[in-house]
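A short write-up of the structure that comes next.
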């Protein structure tokens, strides 16, 4: 939950200009305009279509939490897609090295930090535990 809480706090800080712990479409649009003006309207529309379940025109804390959890799931999927070449939902040392641009040193440091049970396999649970131990991990 720490990662999700951190993402929610960041999202609110960046978007919620009136400090009411809700973000309106206008606030989100202004935020996205500052990042990517060409895609701002499309991103805002997609976000509200998917997460503004009560169609109130703003996102409350529950809706923002679902958004943050969705971001986390997509990030984990990206990591697995990049490194898990045999699609077993685990990243082995060999998979990490073969896909690491900066070579074996970075792989050793990263793999050693993640592979807490020393079984030469990094699981999604170990990634979550690592993120949690560094104050930015997901709950699940």
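Numbering (UniProt numbering), first residue to last: 1 to 140.
Positions of the beta carbon are idealized from the N, C-alpha and C atoms, including for glycine.
In this text, all values refer to a predicted model and were calculated from it rather than measured experimentally.
Our two residues, residue 48 and residue 120, have alpha carbons roughly 42 Å apart in a direct line.
A direct Cα-Cα distance of roughly 14 Å separates residue 73 from residue 5.
In this structure, DSSP gives residue 116 a state outside helix and strand, which the three-state scheme calls coil.
Counting only the Cα atoms, residue 13 lies some 25 Å from residue 130. The beta carbon of residue 79 lies closer than 8 Å to those of 91, 127 in the same chain, with the five residues before and after it left out. The beta carbon of residue 43 sits closer than 6 Å to the beta carbons of 32 from its chain, once the five residues preceding and following it are set aside; these are given in chain order.
For residue 68, the number of other beta carbons within 10 angstroms of its own is at least 16, and it is reported as buried. By the neighbour-count criterion, in which a residue is buried when 16 or more other Cβ atoms sit within 10 angstroms of its Cβ, residue 21 is exposed. Looking at 83, 16, 118, the one whose alpha-carbon comes closest to that of residue 94 is 83. With respect to the 8 Å criterion, residue 71 and residue 23 are not classified as neighbours on the basis of their beta carbons. Here DSSP, grouped into helix, strand and coil, assigns residue 123 to strand.
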